[in-house]
Structures are given as C-alpha cells and as structure tokens.
Amino acid sequence: MQRWIKRTLLTGFWGFLALVWLVIGVFYYQGSRPASEDSQPQIFDIQPGMTLKQVAVALSHQGLIRSASAFQAIAYIQSKQNQVMVGEFSLSPSMLPSEIIDLITSGKTVLHPVTIPEGYRITEIAALLNAEGLANPEKFIRQTRDENLIRSLGIPTDSL
C-alpha cells in the first residue's frame, strides 16, 4: 500500500476514535449534571418490579434528572443497575445523578412516623393508618390475620 493511503487511513481512524470519545464525554457530562438548581425535595416512589429503565424514565418525567439514558449509563458504570430498592425516596432536582443512584440503591427511604396509642384495636389502627394515607384499612386488617405473613415475621400466634 502506498504511504499516503496508510497515513490517510491511520489519521481517519484516530480522528474517528477521538470523535467517539468526544461524543461519549459530552453525553456523560450532560447526563451527570443536576437537572436544575431547585433544591426543593420531591417524593419519588419506586414500585416493586420496576426496572432501572422505568425508574430512569420516571425520574426524567418528574424533572429529577436530565437524561434517562445517561442515568442508566452512570448506574451501569457504578455497577448498581440491579441494586435499585423499592420505596419512597426524598430527591431534589439539584442532586447529581450519581447521588440519586447512591440514594435509591442504599434503601434510605422516607420514614413515616406514626404513634399508635396503647390499647388501640386493629380497626382503630387501620383507621389511623388510613387517615395518615399510609395503608388501606381493609388490606391492613386482612394482613393482620394472614397466618403466612405472621409466621414469616417470626411471631408465634395466629393473628395480630
């Protein structure tokens, strides 16, 4: 092969490689920045069975991240793509995507403190949890009588 053809091919190859790295760098930079300066926390709910892609799309729709694709790429780079936890998380648009990934894979969910007065019956507890927006009363009562659930909790009784 002639020398100028080799040089042209080699220059083209290195130029293409540099362009690919530039595109990857811009994509990563844009995707790794906060969605906005707004530090107002928002509750983000991850349901059982949600995939990383579904979580990323929902975060994007809620305005918590700039790019669902970049978010997924960052999760893969950090090897956390299969560690997303279920629950409610307090997130803000000013958080970095890597911070959001750390939070939703740590299991640090929003806690809802409830005080149940001594002596309350199951129906009263169900009404209290319903008033706080934390549980469906019928489902709660049904679960307090579910022997399999009670046994799985290690409680030696038939109902709560």
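Just so you know, we're using our numbering here: the sequence shown kicks off at 875 and counts up by one.
Here a beta-carbon is modelled for each residue, glycine too, at the ideal position from N, C-alpha and C.
Bridge partners - residue i, DSSP secondary structure assignment
i    : result
E962 : D919
Which of helix, strand or coil DSSP assigns to residue i
i     : result
L1011 : Looking at the sequence provided, one finds Pro at residue 1011 rather than Leu. Helix at P1011.
L898  : The question names Leu, but residue 898 in the sequence shown is Ile. Helix.
L982  : Residue identity check: residue 982 is Lys in the sequence provided, not Leu. The answer is coil: DSSP assigns K982 none of H, G, I, E or B.
N956  : coil
A932  : helix
Residue from the options with nearest C-alpha to residue i
i     : options                      : result
S906  : S941, R1025 and V984         : S941
G899  : R881, A947 and S934          : A947
L1008 : D1032, L1023, E962 and L1027 : E962
Q936  : G923, Q914 and P922          : Q914
Proximity of residue i and residue j at Cβ, strictly below 8 Å
i     : j     : result
E1012 : H986  : no
V984  : I939  : no
P971  : A932  : no
V958  : V988  : no
F1014 : L1023 : no
V960  : I920  : yes
S1033 : R1016 : no
Closer than 7 Å: residue i CB and nearest the ligand ZN heavy atom
i     : result
A1000 : Ligands in the displayed structure: none, and consequently the ligand ZN is not present.
Given 8 Å, three or more beta-carbon pairs between the segment 978 to 992 and the segment 951 to 962: yes
contact_flag[the segment 962 to 976, the segment 991 to 1002] where n(CB pairs < 8 Å) is 3 or more: no
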